[in-house]
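Read through the structure below, which is laid out as C-alpha cells, and then see the notes.
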Amino acid sequence: MPTRKAVSKPKATADELLHYYRQMLLIRRFEEKAGQLYGMGLIGGFCHLYIGQEAVVVGLEAAAQKGDKRITAYRDHGHMLACGMDAKGVMAELTGRADGYSRGKGGSMHMFSREKNFFGGHGIVGAQVPIGAGLAFSDKYKGNDCVTFTYFGDGAANQGQVYETFNMSSLWKLPVVFVIENNQYAMGTSVKRASSTTELHSRGAAFEIGGEVVDGMDVLAVRDAGKKAAEHARSGKGPYILEMKTYRYRGHSMSDPAKYRTREEVQNIRSKRDPIDHVRDLLINADIADEGTLKSIDQQIKVEVNDSADFARSSPEPEDSELRTDIYAH
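Under the numbering used here, the sequence shown has 1153 at position 277, and the numbering climbs by one with no breaks.
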C-alpha cells in the first residue's frame, strides 16, 4: 500500500474538506451502529461493513456530476450514504422494515434509489459489472455525457464476466469507470494468494483500457483520480480502470472472525493510514477547524445515526401483500 506523504497544504477548499470529513464520518458511525444492531438481532442475513474504505466512495462522489450513475456489490451502505440516500431509509431497509428503500425486502445487499441514480447493491460476486456497462451503454445511446461508476472488489476482479465486460466496453467505447476496491482480501484470501498479478488495474491492457493505482485511503487522491477517469469516459475515449488500494478494518461480513490476518496488521493500518484521521489532520493543520469543532461534528453525526436507528425500530414490518409485489410473473 502506498506510503502517505507528510501533511501539507490541502488541494481543496475549507468547505470541501469539511464536507468530505462529515461524509466519511457519517459512513463510519452508521456502519458502527449497523454492527451494533446486527449483534442485537435486529439486522438479519448478511451484513458487510465499509469501515476503513470511506475515502473511496466519498472521493469518487466528489468527482461525479449530475446524472452520473453508480452500481456496486454487497459492501454498499457507504455508497448509499455518499450519493445522498437518507440514513433513515437505509437503516430501515437493513432491519427489514416497510419504510426502507426496498420496502424491507432487499436488506443489506439489495436496495437501490432511482432518484439518486444508485442501482444496487448486488449479492452475486461480479454480477454488477456487466450491469454497470449496460447503464453506460444507455447513456451512450441517449447521447448524454453521463458516466457510470462501476465498483467491484479484488475478489470479483478474477471473475470471467468482468473480462467479457471489459471487452465489450472497450469495443463500444462506453462511458464507464471501473473501480476496483482492492481492500487486500477477497473474503479471507489475500490478493497475493489468489491473483497471478497483484496489479489489478493492469488487466485492462489486453482490452486497450487504461488504468492506474490510487491511494484509496486519501480522499483527495481519490477525487483527483476520479475526475481524470470520468473526463476520459465523458470525452468518448471509453472506459477507464481505477484500482483503489484500500483496507477494511472488520471481517468480510459480520460472521467473519478475520483470523486470516493479525490484529497488529489491522492496528498498524488504522493508526498510520486512517482516511478520516488524514482529513482531520488536514483540517487542523490548515486552521480550518479545531478539536472542538470536530467533536461537535461527530456529536451531530451520532445524533443523525441514532435517529436513523430509532426510525428503523419504529418502522412497521412489511405487509404480507408485499410478498407478491415487484416480482416477475407469467
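Think of the CB as a built atom: it goes at the ideal place given N, C-alpha and C, for glycine as much as any other residue.
Provide the residue span of the alpha helix (DSSP H) that contains V825, from first to last. The displayed coordinates of the chain run from 877 to 1206. Any statement about residue 825 would go beyond what the structure contains.
Quick one, which of G965, Y1204, V1053 and Y1125 has its alpha-carbon nearest G1004's? For the sequence presented, residue 1004 should be read as Gln rather than Gly. Q1004 has its Cα closest to that of V1053, out of G965, Y1204, V1053 and Y1125.
Rounded separation between M916 and A958 - CA only: 26 angstroms
Under three-state DSSP, which class holds M956? helix
Can you tell me where the beta strand (DSSP E) holding V1090 begins and where it ends? G1086 to D1091
Buried or exposed for L1199, please, with buried defined as at least 16 other CB atoms from any protein chain shown within 10 angstroms of its CB. exposed
Do the segment 884-902 and the segment 1162-1180 touch if we need at least three Cβ pairs shorter than 8 angstroms? yes
Do you know how far the Cα of A1101 is from the Cα of W1048? 23 angstroms
Exposed or buried, what is P886 when buried is set at 16 or more other beta-carbons lying within 10 Å of its beta-carbon? buried
Can you tell which of G920, L893 and V1095 has its C-alpha closest to the C-alpha of S1129? G920
Relative to the C-alpha of R1156, which residue among S1072, A931 and E1119 is closest? A931
Which one of D1091, G1127, Y1039 and V1098 has the shortest CA to CA distance from M1063? G1127
Compute the beta-carbon to beta-carbon distance between Y950 and G965, rounded to the nearest angstrom, for a pair I have assumed lies under 8 angstroms. In fact, because the Cβ distance is near 18 angstroms, the residues do not count as touching under 8 angstroms.
Quick check on the DSSP output: the alpha helix (DSSP H) that includes N1043 runs from which residue to which? G1036 to L1047
Express the C-alpha separation of Y1027 and Y1039 in angstroms, rounding to a whole number. 14 angstroms
Per DSSP, what kind of secondary structure is E1198 in: helix, strand or coil? helix
Below 8 angstroms on the Cβ atoms is my contact criterion, and I expect G997 with D952 to pass it. Report the Cβ-Cβ distance as a whole number of Å. 5 angstroms
E1119 and I1056: beta carbons closer than 8 angstroms? yes
Nearest residue (CA-CA) to A1105, options T889, G1036 and L1050: L1050
Are the C-beta of R905 and some C-beta of chain B separated by less than 8 angstroms? Protein chain content of the structure displayed is limited to a single chain, and chain B is not contained in it.
Taking the straight line between their C-alpha atoms, what separation do you get for N1144 and V1089? 21 angstroms
I believe I947 touches T1024 by the beta-carbon criterion, under 8 angstroms. Please report the beta-carbon distance rounded to the nearest angstrom. 7 angstroms
Classify K881 as helix, strand or coil using the three-state DSSP reduction. Because the pLDDT of K881 is 49, which lies under 50, any placement of that residue in the model is unreliable, and the question is left without a value.
Go ahead and pull the three-state DSSP assignment for F995. coil
Taking the continuous beta strand (DSSP E) assigned at L918, which residues delimit it? Premise fails: L918 is in no beta strand (DSSP E) and is neither H nor E.
Smallest Cα separation from V934: which of D1094, E1075, R1079 and G943? D1094
Start and end residues, alpha helix (DSSP H) containing E1107: V1095 to R1110
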